[in-house]
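Working notes, beginning with the structure itself.
Numbering (the working numbering), first residue to last: 4 to 418.
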């Protein structure tokens with residue numbers, strides 16, 4: 004589309020957004036389609052990777068703060084450099100009981116490794132033929148390609164699905180059809196990859212292993228934060244249902260920020276909470292992620308140099324009896340030129356094992372005293388469980404919890 008055509012599309016949106024809310028989204032879809040056809044989390048093995056202590060931390064607090072327009076909206080927590088033996092638990096307790104989000108620095112994955120994965124993701128979404136994408140869908144194992152608008156994370160939205168496409172990856176063997184040393188009980192499903200990703204199988208496998216190692220450290224921190232043995236959660240996470248997700252949000256016209264209060268349809272990823280125990284999110288330089296810190300109060304979580312965004316998932320909120328918060332978040336449509344191009348992100352979803360017993364914990368009085376100003380009231384915990392289709396009194400397995408959430412989020416693939 005010509006530059007004049009793009010400008011015309013933006014003006015059209017602004018003229019008609021109040022007169023016809025639905026027309027705005029339809030116009031956005033029409034413009035996207037003229038730019039080319041669009042193509043379209045879960046239990047766990049122990050990773051051999053452990054974050055490597057460094058002589059000098061990758062994260063410089065002064066420089067990191069200078070890189071942002073304002074004070075970071077959620078805490079920045081270091082996983083630790085060389086000589087830092089302090090436990091992670093006390094560092095993250097406030098973050099997980101208040102918003103459930105924090106930035107993680109000194110995590111051990113280099114910027115070069117992250118950049119490489121993002122370039123591999125872009126290669127897939129921008130160049131892989133449609134037939135190859137669809138051929139790799141496997142809904143039974145929650146792997147492979149999800150098409151544009153196939154997922155609707157916010158069931159209350161009037162939109163026809165989220166404006167994004169993605170590809171889910173399970174733990175990969177080093178070669179297609181290769182053997183794995185993982186206990187067969189927890190071995191991820193075998194997965195066919197499209198050509199653009201198959202050529203990077205070994206690099207992607209290494210990245211997944213490193214994410215698993217970081218999640219092991221975070222889960223140990225969760226346990227230590229509430230005075231439990233460090234292996235309390237990791238023993239129920241062997242990687243069987245963990246997924247690495249490559250995500251592409253296609254170029255979209257700028258939307259007037261005022262439209263957000265009137266257009267429930269104007270969203271790249273609908274308001275949702277994640278299903279599992281924790282999520283690692285890798286962002287580049289295009290923003291749009293927001294977290295609902297208070298009812299109807301959304302705060303931007305911009306990319307932070309050298310940091311991963313970590314958030315608590317629904318399974319961990321349930322497991323901790325509501326002490327840890329699985330907070331609603333979303334990705335909004337572009338509000339500036341810097342956000343209007345393609346947006347790529349990578350998420351690693353850490354899920355409890357298929358047979359893990361999820362029973363709300365009896366939190367100690369000591370921890371309750373530390374967190375009394377941030378404790379979730381029992382009636383709020385009950386309400387949140389009910390909204391997610393979970394009884395707060397029931398014992399669930401990790402697999403049961405996951406499948407209930409997946410069923411609510413996905414639409415049948417369009418023919």
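Ideal Cβ placement from N, Cα and C applies to all residues, glycine included.
*Opposite residue 314 in the DSSP bridges: which residues?*
Counted from its first residue, the chain shown places residue 314 at position 311. Looking at the DSSP assignment, residue 314 forms a beta bridge with 104 and 282.
*Report back the beta-carbon spacing between residue 227 and residue 92 to the nearest angstrom; my notes put them in contact at under 8 Å.*
For the purposes of this step, residue 227 is taken as residue 224 along the chain shown, with counting starting at 1. For the purposes of this step, residue 92 is taken as residue 89 along the chain shown, with counting starting at 1. By a beta-carbon distance limit of 8 Å, residue 227 contacts residue 92. Their separation comes to about 3 Å.
_Assess contact between the stretch 351-369 and the stretch 226-241, defined as three or more Cβ pairs (one per stretch) separated by less than 8 Å. Is contact present?_
Flag = yes, the stretch 351-369 and the stretch 226-241 touch.
*Limits of the beta strand (DSSP E) - the one that residue 332 falls within*: Here residue 332 refers to the residue found at position 329 of the chain shown. Annotation for residue 332: the continuous beta strand (DSSP E) segment containing it runs 332-335.
_One or two residues paired with residue 322 in a DSSP bridge_ = To locate residue 322, count along the chain shown from 1; it is residue 319. Under DSSP, residue 322 forms no beta bridge with any residue.
*Excluding sequence positions up to five away, which residues of its chain have a Cβ less than 8 Å from the Cβ of residue 234?*
Along the chain shown, read from residue 1 onward, the residue named residue 234 stands at position 231. Contacts found: 223 and 226.
*Give the C-beta separation of residue 218 and residue 310 to the nearest angstrom, bearing in mind that I take them to be a contact with Cβ-Cβ under 8 Å.*
Here residue 218 refers to the residue found at position 215 when the chain shown is read from its first residue. Here residue 310 refers to the residue found at position 307 when the chain shown is read from its first residue. With 8 Å as the limit, residue 218 and residue 310 do not qualify as a contact, their Cβ atoms being about 16 Å apart.
*Whose C-beta lies closer than 6 Å to the C-beta of residue 211 among residues of the same chain, with five residues either side of it excluded?*
Position 208 of the chain shown, counted from the first residue, corresponds to residue 211. Result list for residue 211: 174 and 247, in chain order.
_Cβ separation of residue 147 and residue 140, assumed to be a contact under 8 Å, to the nearest whole Å_ = Residue mapping note: residue 147 aligns to position 144 of the chain shown, counting from 1. Residue mapping note: residue 140 aligns to position 137 of the chain shown, counting from 1. Under the criterion of beta carbons closer than 8 Å, residue 147 and residue 140 qualify as touching, at roughly 4 Å.
*asked:* Suppose the cutoff is 6 Å on Cβ atoms and the five residues either side in sequence are ignored; what does the same chain contact list for residue 363 look like?
replied: Numbered from 1 along the chain shown, position 360 holds the residue referred to as residue 363. Excluding sequence positions up to five before and after residue 363, its CB lies within less than 6 Å of the CB of 324, all in the same chain and listed in chain order.
_Tell me which residues share the same chain as residue 332 and place their Cβ nearer than 6 Å to its Cβ, disregarding the 5 neighbours each side in the sequence._
The residue you call residue 332 lines up with position 329 of the chain shown. Once the five neighbours on either side are set aside, the close Cβ partners of residue 332 are 294.
_Cβ neighbours of residue 192 in the same chain (closer than 6 Å, five flanking residues each side left out)_ = Start at 1 with the first residue of the chain shown, and residue 192 comes out as number 189. Spatial neighbours of residue 192 in its own chain (CB-CB distance under 6 Å, excluding positions within 5 residues in sequence) are listed in chain order as 144 and 173.
*Inspect the beta-carbon positions of residue 199 and residue 251 and report whether they are closer than 8 Å.*
Along the chain shown, one-based indexing puts residue 199 at 196. Along the chain shown, one-based indexing puts residue 251 at 248. Contact flag unset, no.
*Selected residue, minimal CA-CA separation from residue 124, among 206, 79 and 408*: Here residue 124 refers to the residue found at position 121 of the chain shown. With distances taken between Cα atoms, residue 124 lies closest to 206.
*Close Cβ partners of residue 195 (< 7 Å) along its chain, the five nearest in sequence each way excluded*: As a first step, residue 195 must be located in the chain shown, where it is residue number 192. Here the set comprises 139.
*Distance, Cα to Cα, residue 98 vs residue 335?*
If you number the chain shown from 1, residue 98 lands on position 95. If you number the chain shown from 1, residue 335 lands on position 332. Taken atom to atom, the span from the alpha-carbon of residue 98 to that of residue 335 is near 23 Å.
*Is it right to say residue 232 is buried, meaning 16 or more other beta carbons lie within 10 angstroms of its own, or is it exposed?*
Start at 1 with the first residue of the chain shown, and residue 232 comes out as number 229. Classification of residue 232: exposed, given that the 10 Å Cβ count is below 16.
*Given that a residue counts as buried once 16 or more other Cβ atoms are within 10 Å of its Cβ, and exposed if not, what is residue 112?*
Working through the chain shown from its first residue, we reach residue 112 at position 109. Of the other Cβ atoms in all chains shown, 16 or more fall within 10 Å of the Cβ of residue 112; this residue is therefore buried.
_Exposed unless 16 or more other CB atoms sit within 10 angstroms - verdict on residue 404_ = For this step, residue 404 is matched to residue 401 along the chain shown. Residue 404 should be labelled buried.
_Please identify the residue among 330, 305, 118 and 187 whose C-alpha is closest to the C-alpha of residue 299._
To locate residue 299, count along the chain shown from 1; it is residue 296. By alpha-carbon distance to residue 299, the top candidate from 330, 305, 118 and 187 is 330.
*Those residues which DSSP pairs with residue 150 across a bridge*: Position 147 of the chain shown, counted from the first residue, corresponds to residue 150. According to DSSP, residue 150 bridges with nothing at all.
*Measure how close the beta-carbons of residue 100 and residue 317 come, nearest whole angstrom, since I'm counting them as under 8 Å.*
Locating residue 100 in the chain shown gives position 97, counting from the first residue. Locating residue 317 in the chain shown gives position 314, counting from the first residue. Distance from residue 100 to residue 317 at the Cβ level is roughly 16 Å; contact not present, criterion being Cβ atoms closer than 8 Å.
_Paired residues, beta bridge with residue 170 - DSSP_ = Reading the chain shown from its first residue, position 167 is the one you call residue 170. Residue 170 pairs with 148 and 249.
_Whole runs of the beta strand (DSSP E) within the stretch 335-376, excluding any shorter than 3 residues_ = Within the stretch 335-376, the complete beta strand (DSSP E) runs of at least 3 residues are 346-353.
_So the candidates are 244, 312, 291 and 398; which of them puts its Cα closest to the Cα of residue 142?_
Here residue 142 refers to the residue found at position 139 of the chain shown. Taking each of 244, 312, 291 and 398 in turn and checking the Cα distance to residue 142, the smallest one comes out for 244.
_residue 134 versus 150, 397 and 121, residue with shortest Cα-Cα distance_ = In the chain shown, the residue the question calls residue 134 occupies position 131. Residue 134 has its Cα closest to that of 150, out of 150, 397 and 121.
*Classify residue 394 as buried or exposed, calling it buried when 16 or more other Cβ atoms lie within 10 Å of its own Cβ.*
Working through the chain shown from its first residue, we reach residue 394 at position 391. Exposed.
*Between 164, 109 and 77, which lies nearest to residue 96 when the distance is taken from Cα to Cα?*
For the purposes of this step, residue 96 is identified with residue 93 of the chain shown, where counting begins at 1. Closest by alpha carbon: 77.
*Hey, how far is the Cα of residue 275 from the Cα of residue 381?*
In the chain shown, the residue the question calls residue 275 occupies position 272. In the chain shown, the residue the question calls residue 381 occupies position 378. Rounded to the nearest angstrom, the gap between the Cα atoms of residue 275 and residue 381 is 21 Å.
*Since residue 307 and residue 106 are thought to touch, with beta carbons under 8 Å apart, how far apart are those beta carbons, to the nearest angstrom?*
One-based indexing of the chain shown puts residue 307 at position 304. One-based indexing of the chain shown puts residue 106 at position 103. Right, their Cβ atoms sit about 5 Å apart.
*Within its chain, find whatever has a CB closer than 6 Å to the CB of residue 170; leave out the 5 residues flanking it on each side and keep chain order.*
Taking the chain shown and counting its residues from 1, the one referred to as residue 170 is at position 167. For residue 170, where only same-chain residues beyond five positions count, the Cβ hits under 6 Å are 148 and 249.
*asked:* I need the straight-line Cα distance from residue 344 to residue 375, nearest angstrom please.
replied: For the purposes of this step, residue 344 is identified with residue 341 of the chain shown, where counting begins at 1. For the purposes of this step, residue 375 is identified with residue 372 of the chain shown, where counting begins at 1. Between residue 344 and residue 375, the C-alpha separation is close to 44 Å.
*Kindly list the residues whose CB is nearer than 6 Å to the CB of residue 322, restricted to its own chain and excluding five residues on each side of it in sequence; keep chain order.*
Taking the chain shown and counting its residues from 1, the one referred to as residue 322 is at position 319. Closer than 6 Å at Cβ, skipping near neighbours: 361.
*Work out the CA separation of residue 398 and residue 406 for me, nearest whole Å.*
Here residue 406 refers to the residue found at position 403 of the chain shown. Here residue 398 refers to the residue found at position 395 of the chain shown. The straight-line gap from Cα to Cα measures roughly 15 Å.
*According to DSSP, which residues form a beta bridge with residue 297?*
Numbered from its first residue, the chain shown carries residue 297 at position 294. By DSSP's assignment, residue 297 forms a beta bridge with 300.
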